[in-house]
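In the working numbering, the protein residues as written are 306 to 552.
Right, dumping it as structure tokens:
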């Protein structure tokens, strides 16, 4: 059964930053007990955490504000000015006067210490809801990706997800889609450049295929809708690598 807050069963790669060892341990325990959190590391300083973030992608940070040398707000300023993809932030602090300023930084939530389990879980749910919503928006954008092609003197809108394969026809290419086929004045190379990277592969001098549409393949052919498309010998490894990157 899927969690309604987390329908995609998303796991949040997270870190905890808190200079108080006992309070940090409490946040760490709550994180380890939560089924949607994968705790990657804990830090007593923002300097250590910043070095970690330069090499590791993180979805969520539990951040104490009152930390020596670089405090939580200064750390958020550093993140914002860096090339690092800024994770979601949940502020943890005994000092509730920091709450208003925290929200001005666009954090997901402010948790007053000692942290109550129910409030901790609600904060994580807020992060999951936000990221799932963003993922759904990105998915919708990807599904609505399209190109315009000129066929029979008309410009036609073709959705990327509907393209099955493209085949060479002399000075033209034939575009086979779920809704029909179109003959277009273009070279294979030029058409290939219009397609999104990583979704299509030229498996033969005369064929480009949509990797998502493959039903089966062997050393000689790729099969899409029971149509056998020739696979060049030197393209088999490229095809295997491309399919592995899709999964």
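Beta carbons are placed, not taken as given, at the ideal position from N, Cα and C, and that holds for glycine.
Predicted, not measured: the structure shown is a model, and the values here were computed from it.
Residue i, enclosing alpha helix (DSSP H) - first and last residue
i: residue 378; result: 377 to 386
i: residue 408; result: 404 to 409
i: residue 517; result: Premise fails: residue 517 is in no alpha helix (DSSP H) and is neither H nor E.
i: residue 361; result: Unbroken run through residue 361: none, as it is neither H nor E.
i: residue 541; result: 541 to 551
Beta-carbon separation (whole angstroms), residue i vs residue j, contact threshold 8 Å
i: residue 317; j: residue 341; result: 6 Å
i: residue 287; j: residue 425; result: Given a span of 306 to 552 for the chain in the structure shown, any question on residue 287 remains unanswerable.
i: residue 490; j: residue 506; result: Not quite, the Cβ-Cβ distance comes to about 23 Å (not below 8 Å), so this is no contact.
i: residue 330; j: residue 433; result: Not really, about 24 Å apart at Cβ, beyond 8 Å.
i: residue 459; j: residue 453; result: Between residue 453 and residue 459 the Cβ distance is about 10 Å, and since that is not below 8 Å, they are no contact.
i: residue 487; j: residue 456; result: 4 Å
Which listed residue (the options) has its alpha carbon closest to that of residue i
i: residue 376; options: 323, 488, 514 and 493; result: 323
i: residue 350; options: 438, 362, 366 and 343; result: 366
i: residue 547; options: 452, 513, 533 and 473; result: 513
i: residue 450; options: 504, 391, 509 and 542; result: 504
i: residue 326; options: 464, 348, 497 and 544; result: 348
i: residue 440; options: 364, 511 and 484; result: 364
i: residue 359; options: 519, 386 and 499; result: 386
i: residue 416; options: 545, 496, 388 and 328; result: 328
i: residue 352; options: 372, 414, 400 and 501; result: 372
i: residue 398; options: 388, 384, 498 and 414; result: 414
i: residue 544; options: 521, 508, 533 and 500; result: 508
i: residue 501; options: 384, 361, 455 and 464; result: 464
i: residue 319; options: 333, 344 and 520; result: 344
i: residue 388; options: 406, 361, 401 and 400; result: 361
i: residue 484; options: 539, 462, 406 and 538; result: 462
i: residue 476; options: 400, 493 and 411; result: 493
i: residue 332; options: 406, 486, 428 and 401; result: 428
i: residue 370; options: 356, 523 and 406; result: 406
i: residue 542; options: 410, 551 and 524; result: 524
i: residue 497; options: 538, 519, 473 and 338; result: 473
Start and end residues, beta strand (DSSP E) containing residue i
i: residue 370; result: Where residue 370 is concerned, there is no enclosing beta strand (DSSP E), given that its DSSP letter is neither H nor E.
i: residue 414; result: 414 to 417
i: residue 391; result: It is not in any beta strand (DSSP E) - residue 391 carries neither H nor E in the DSSP assignment.
i: residue 533; result: 532 to 535
i: residue 260; result: Because residue 260 is not part of the residues shown, which for the chain are 306 to 552, the question remains open.
Open item on the list: Quick check for students: name the residue ranges of the beta strand (DSSP E) that lie wholly in the segment 434 to 511, counting only runs of 3 or more.
Closed with: 451 to 456, 459 to 464, 468 to 474, 477 to 482, 485 to 490 and 505 to 509
TODO: Count the C-beta pairs between the segment 457 to 470 and the segment 378 to 389 that are closer than 8 Å, then say yes if the count reaches three, no if not.
DONE: Cβ pair count under 8 Å is below three, so no.
Open item on the list: Pairs of beta-carbons, one from the segment 479 to 499 and one from the segment 521 to 528, closer than 8 Å: are there three or more?
Closed with: no
TODO: Within the segment 308 to 354, note down every full alpha helix (DSSP H) run reaching 4 residues or more, in order along the chain.
DONE: Listed in chain order, the complete alpha helix (DSSP H) runs (minimum 4 residues) inside the segment 308 to 354 are 326 to 338.
Task: Cβ contact (3+ pairs, closer than 8 Å) linking the segment 383 to 392 and the segment 414 to 428 - done: With the cut-off at 8 Å, the segment 383 to 392 and the segment 414 to 428 do not touch.
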